[in-house]
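Below is one structure, written out as structure tokens, with a few remarks after it.
Numbering (our numbering), first residue to last: 41 to 152.
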């Protein structure tokens, strides 16, 4: 059933027992190709603008079991220690999907 794989906002925020995730709208959701019951998405503090310096969280949630599987924070400070090309790519891609996803091979040829 589709209903067993839904999670409303209140249920999601309840999963964050440590209260560390920003209360913002999740962005760029994709299914986990290895675990079809899990969804990965990002939570970004602030807005998407040039020079954005907020923290971005990569989150993975098991939809059927309603479990927070993973939550990893990335900040501007972490980016500063990497090559300038990596930072430039990050700034240029603000607001664009940055999680790669592939179409599953099991879909019929017509739907690709």
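Backbone N, C-alpha and C define an ideal beta-carbon position, used for all residues, glycine too. Treat the numbers as computed from the prediction; the structure is a model and nothing was measured.
Let me know the secondary structure DSSP gives residue 123 once reduced to three states.
Annotation note: pLDDT 49 at residue 123 (below 50); position unreliable, coordinate value reported separately. Residue 123 sits in coil when the DSSP states are folded into three classes, being neither helix nor strand.
Can you give me the C-alpha to C-alpha distance between residue 74 and residue 66, rounded to a whole angstrom?
So the two alpha carbons sit approximately 21 Å from each other.
Find the nearest neighbour of residue 97 within the set 86, 49 and 104, judged by alpha-carbon distance.
86
Quick check: what's the CA-CA separation for residue 62 versus residue 49?
12 Å
Might you give, ordered along the chain, the residues of its own chain that have their beta carbon closer than 7 Å to the beta carbon of residue 47, omitting 5 neighbours on each side?
Within the same chain, residue 47 has close Cβ partners 101, 103 and 106.
How about residue 99 and residue 81: are their beta carbons less than 8 Å apart?
yes
In this structure, what does DSSP give as the bridge partners for residue 53?
DSSP, once it has assigned bridges, lists no residue as partnering residue 53.
So, for residue 113: in the same chain, excluding its five sequence neighbours on each side, which residues have a beta-carbon less than 6 Å away from its beta-carbon?
If we look at residue 113 and ignore the five residues flanking it on each side, its Cβ neighbours are 95 and 97.
Could you tell me the alpha carbon to alpha carbon distance between residue 76 and residue 70, rounded to whole angstroms?
10 Å
Tell me which residues share the same chain as residue 53 and place their Cβ nearer than 7 Å to its Cβ, disregarding the 5 neighbours each side in the sequence.
For residue 53, same chain residues with a beta-carbon under 7 Å away, outside a window of 5 residues either side, are 63 in chain order.
Report all residues from its chain with a CB closer than 8 Å to the CB of residue 79; omit the five preceding and five following residues, and keep chain order.
Only 69, 70, 71, 72, 100, 101 and 103 meet the Cβ criterion.
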